[in-house]
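A quick write-up on the structure given underneath.
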Amino acid sequence: MGVIKSAMADALLTSMWIFSMPFLRVFTLQISGFLGVQTLPLAIFFITTIVVSLMMFIFTLIGSALGGANFNPTASVAFYAAGLKKDMSLLSMAVRFPAQAAGGVVAVKAILGILPRELRKTMKGPSLTTVGCVGTGAKYTGPSLNPANAFGWAYVNKWHNSWQLYYVYWLGPLTGATLAAWVFRFLLSPPPTSTKEKKT
Numbered sequence: 032m033g034v035i036k037s038a039m040a041d042a043l044l045t046s047m048w049i050f051s052m053p054f055l056r057v058f059t060l061q062i063s064g065f066l067g068v069q070t071l072p073l074a075i076f077f078i079t080t081i082v083v084s085l086m087m088f089i090f091t092l093i094g095s096a097l098g099g100a101n102f103n104p105t106a107s108v109a110f111y112a113a114g115l116k117k118d119m120s121l122l123s124m125a126v127r128f129p130a131q132a133a134g135g136v137v138a139v140k141a142i143l144g145i146l147p148r149e150l151r152k153t154m155k156g157p158s159l160t161t162v163g164c165v166g167t168g169a170k171y172t173g174p175s176l177n178p179a180n181a182f183g184w185a186y187v188n189k190w191h192n193s194w195q196l197y198y199v200y201w202l203g204p205l206t207g208a209t210l211a212a213w214v215f216r217f218l219l220s221p222p223p224t225s226t227k228e229k230k231t
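Residue numbers for the sequence shown follow our numbering, so the first one is 32 and each next one is one higher.
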C-alpha cells in the first residue's frame, strides 16, 4: 500500500477509534444496568475491560481490512523500532503521524458537534481513554495512551499552546514506545531462523 493511502487509512481509523471512545462508558453502563451490577466497582471494571477488548478486536479487523491502518502513533513507532513492520519507513511515519493527528482532531470535532451542549462540560478529553493506572495521573496531565487522541482534544480545546504539552503528549509516549521496542528487539526477540535448502 502506498504511503498516501496508508496515511488516509490511518486518519480514517484514528477518527473512528476516537469517535467511539465516549461510547465505552455508554456500553459499560448499559451492560452493568442490564446485569444489575452498576453499584459494584469490580464488576464495572471487568465489564469495561471486556468492552475495550472487543473494541480493540473490532478495530484491529478494520485496520487489517484497510491494509494495515493504525490508530495509535506510539504503536506505529513501536512496530517500526522493533522491526515488526517491514513496509514502514521513517518517511511513511512522517506522513502517517500528521494524518493520525488530523484524524484525532476530526473525531473530537465530530463528537462535540453531535454532543448536546449541556454534556460538553462533562467531556474531559484525553481522560476518556484512561483505564486502570493511567487514570491516576489524569488530573495532572490528562495522559492518554494515544498521542493522536490527546492531540485532538488539546487542539480543539486550545491546550496545545506550549512546548510542555508536546513533550507530554508526543515526545514522552513516542520515546517510551521506541525504547520498549528496542528492548524487545535486542533483548527479548527470538533469534532469526535461517532456512538453508539442501542441494541434492
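Note that beta-carbon positions come from the ideal geometry of N, C-alpha and C, so glycine has one too.
- Message: Given a cut-off of 7 Å on the beta-carbon distance, is the pair Thr-105 and Ala-208 in contact?
- Response: Position 74 of the sequence shown, counted from the first residue, corresponds to residue 105. Position 177 of the sequence shown, counted from the first residue, corresponds to residue 208. Less than 7 Å separates the beta-carbon of Thr-105 from that of Ala-208.
- Message: Here's the rule I'm using: 16 or more other beta-carbon atoms within 10 Å means buried, otherwise exposed. How should Gln-131 be labelled?
- Response: In the sequence shown, the residue the question calls residue 131 occupies position 100. Sixteen is the threshold: when 16 or more other Cβ atoms of the shown chains lie within 10 Å of the Cβ of Gln-131, as they do, the residue is buried.
- Whole-angstrom distance between Phe-215 and Leu-55, CA atom to CA atom: Here residue 55 is taken as the residue at index 24 of the sequence shown, counted from 1. Here residue 215 is taken as the residue at index 184 of the sequence shown, counted from 1. Roughly 31 Å between the two C-alpha positions.
- DSSP three-state call for Gln-195: helix, strand or coil? For the purposes of this step, residue 195 is taken as the residue at position 164 of the sequence shown. Correct three-state label for Gln-195: helix.
- Message: Considering just the uninterrupted stretch of the alpha helix (DSSP H) at Gly-17, what are its terminal residues?
- Response: Nothing can be reported for residue 17: it is not among the residues displayed for the chain, which extend from 32 to 231.
- Message: With H, G and I counted as helix, E and B as strand and the rest as coil, what does DSSP make of Thr-70?
- Response: Against the sequence shown, residue 70 aligns to sequence position 39. Residue state for Thr-70 is assigned as coil, using DSSP reduced to three classes.
- Task: Look at the alpha carbon of Leu-44 and the alpha carbon of Asn-101, and state the distance between them as a whole number of angstroms.
- Result: Along the sequence shown, one-based indexing puts residue 44 at 13. Along the sequence shown, one-based indexing puts residue 101 at 70. Leu-44 and Asn-101 have their C-alpha atoms spaced approximately 7 Å apart.
- Query: Gly-99 by DSSP, collapsed to three states: which one?
  - Reply: Residue numbering aside, residue 99 sits at position 68 when the sequence shown is read from its first letter. Note: Gly-99 maps to coil in three-state DSSP.
- Using 8 Å as the Cβ pair cut-off and three pairs as the minimum, do the segment 82-89 and the segment 105-117 touch? The segment 82-89, when compared against the segment 105-117, does not touch it at the 8 Å Cβ threshold.
- From which residue to which residue does the alpha helix (DSSP H) around Trp-184 run? Along the sequence shown, one-based indexing puts residue 184 at 153. Start and end: 178-187.
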